[in-house]
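So the structure is just underneath, and the comments pick up after that.
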Amino acid sequence: MAQQGGEEPQEQQGYQLQKQHYYKIVTSYMPESFEQDAVQIALVAVDKYRQLKDIAFYIKHEYDKKYPGSGKATEGVYHCIVGKSFASAVSHETRQFIHMKVDTYHVILWKSKDTPFTPGGE
Numbered sequence: 007m008a009q010q011g012g013e014e015p016q017e018q019q020g021y022q023l024q025k026q027h028y029y030k031i032v033t034s035y036m037p038e039s040f041e042q043d044a045v046q047i048a049l050v051a052v053d054k055y056r057q058l059k060d061i062a063f064y065i066k067h068e069y070d071k072k073y074p075g076s077g078k079a080t081e082g083v084y085h086c087i088v089g090k091s092f093a094s095a096v097s098h099e100t101r102q103f104i105h106m107k108v109d110t111y112h113v114i115l116w117k118s119k120d121t122p123f124t125p126g127g128e
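Spelled out as structure tokens, the structure:
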């Protein structure tokens with residue numbers, strides 16, 4: 007139960023959405039299969055949770071499970087921001103960024119490298 011141009015994504019791992027949701031991809035630098043997974047996960051998150059922190063946490067962790075890294079500190083991890091009004095400027099890996107709108111929430115999901123650093127700025 008989702009609407010964007012008459013397209014309805016498949017249900018996320020058997021989860022049946024409880025209500026109909028609207029979504030729109032605002033900007034994406036991801037392969038289509040990655041986009042579809044991000045949309046499906048975001049739809050489930052908005053359907054299951056009410057608090058923004060819980061929605062963001064669910065999206066980030068489900069996407070990490072779907073696309074796990076090798077565990078190297080420099081490989082990169084996913085990050086997620088969810089809200090109704092905010093500005094952002096993020097650095098992301100090539101083809102690893104999506105900004106979508108689900109109902110009234112904007113969702114940004116991206117992958118960036120963790121840069122090792124020395125505490126104290128040295």
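The sequence shown begins at 7 in this note's numbering and counts up one residue at a time.
Virtual Cβ for every residue (Gly too), placed ideally from N, Cα, C.
Check: Who are L115's beta bridge partners in DSSP?; Outcome: C86 and I104
Check: With a CB to CB cut of under 7 Å and the five nearest residues on each side skipped, what residues in its chain are close to V52?; Outcome: H27, I61, V108, D109 and Y111
Check: Measure the alpha-carbon distance for G12 versus K25 and round it to whole angstroms.; Outcome: With a pLDDT of only 38 at G12, under 50, the local geometry of the prediction cannot be trusted, and no value is derived from it.
Check: DSSP three-state label for H27, please.; Outcome: strand
Check: What is the residue span of the alpha helix (DSSP H) that Y64 lies within?; Outcome: L58 to K72
Check: For Y64 versus K117, is the C-beta distance shorter than 7 Å?; Outcome: no
Check: May I ask which residues mark the beginning and end of the alpha helix (DSSP H) holding D39?; Outcome: The amino acid at residue 39 is misidentified as Asp; the sequence shows Ser. Per DSSP, S39 belongs to the alpha helix (DSSP H) from E38 to K54.
Check: Skipping 5 residues on each side, what residues in its chain have a beta carbon closer than 7 Å to that of R56?; Outcome: none
Check: Looking only at its chain, what residues have a beta carbon closer than 6 Å to the beta carbon of M7, apart from the 5 residues adjacent to it on each side?; Outcome: For M7, the pLDDT reaches just 48, beneath the cut-off of 50, and the residue's location in the model is therefore unreliable, although a value from the coordinates is still provided. Contacts found: L23 and Q26.
Check: With a threshold of 6 Å on Cβ separation, who are the neighbours of V113 within its own chain once the five nearest residues in sequence on each side are excluded?; Outcome: A48, V88 and M106
Check: Could you tell me whether the Cβ atoms of I104 and S34 are closer together than 7 Å?; Outcome: yes
Check: In or out: K90 buried (at least 16 other Cβ within 10 Å) or exposed?; Outcome: exposed
Check: Answer with buried or exposed for V32, where buried requires no fewer than 16 other C-beta atoms within 10 angstroms of its C-beta.; Outcome: exposed
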